[in-house]
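Written out below as structure tokens is the structure these notes cover.
Residue numbers (mature numbering (1 follows the signal peptide of the UniProt record, and there is no 0)): -19 to -1, 1 to 168.
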């Protein structure tokens, strides 16, 4: 009986010993390349177009330049396409609401940007200004157009279409002219 118990313990110890063995696996070096969020890449001459999938609606149109900076590495991109021959790169990021065109020089520096979006959520200050100056009117559509040097926006405008019954009105609004402070009032 002692021999049987001793034999079972010896077999169990051997099994546990093999189960706890760890095998070391040598991994090969991984190469990390350019891959913006689920982008579809199209090349047209010296320009490139990216159809970007947003994680949530309006993510791209909220701040297109910040979105581009966090999801796109121009230096990796230039290295991937063997870009030594180009003097500049025009990269257009497209979403269902609009686009951002970014012009980079051969060193990967952002030179100019141009944005155009339609039917986006207006910033709070712009919404208030439109509502306060156009009571009774409904916004039917809007466009946002902006351009600038580098990552600074120099010119921007909202083109807004309003309706009130049979009447229609188009307004242009520079968001920088909208006062940042508001006055509280009671209805």
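Just so you know, even glycine gets a beta-carbon here, dropped at the ideal spot from N, CA and C. Only a predicted model underlies this, so the values are computations on that prediction, with no experimental measurement involved.
Suppose contacts are defined by Cβ-Cβ distances below 8 angstroms. Is residue i in contact with residue j by that definition?
| i | j | result |
| --- | --- | --- |
| residue 26 | residue 55 | no |
| residue 75 | residue 32 | yes |
| residue 120 | residue 141 | yes |
| residue 83 | residue 68 | no |
| residue 40 | residue 53 | no |
| residue 131 | residue 92 | yes |
| residue 195 | residue 98 | Residue numbering for the chain in the displayed model covers -19 to 168; residue 195 lies beyond these limits and cannot be assessed. |
| residue 86 | residue 103 | no |
| residue 159 | residue 106 | yes |
Below 6 angstroms CB to CB, which residues in the same chain sit around residue i once its five sequence neighbours on both sides are set aside?
| i | result |
| --- | --- |
| residue 138 | 126, 153, 155 |
| residue -9 | none |
| residue 23 | 30 |
For residue i, does the count of other Cβ atoms within 10 angstroms reach 16, so buried, or fall short, so exposed?
| i | result |
| --- | --- |
| residue 81 | buried |
| residue 79 | buried |
| residue 112 | exposed |
| residue 17 | Interpretation of residue 17 is limited by its pLDDT of 46, a score under 50 that renders its predicted location unreliable; the figure taken from the coordinates is listed afterwards. The residue is buried, with at least 16 neighbouring Cβ atoms inside 10 Å. |
Is residue i close to the ligand PLP? I mean its beta-carbon at under 7 angstroms from any heavy atom of the ligand.
| i | result |
| --- | --- |
| residue 93 | Looking for the ligand PLP in the displayed structure turns up nothing, as the structure carries no ligands at all. |
Measuring CA to CA, which of the options is closest to residue i?
| i | options | result |
| --- | --- | --- |
| residue 150 | 128, 117, 6, 134 | 117 |
For residue i, which beta-bridge partners are listed by DSSP?
| i | result |
| --- | --- |
| residue 73 | 30, 82 |
| residue 157 | In the DSSP output, where bridge partners are listed per residue, residue 157 has none listed. |
| residue 120 | 143 |
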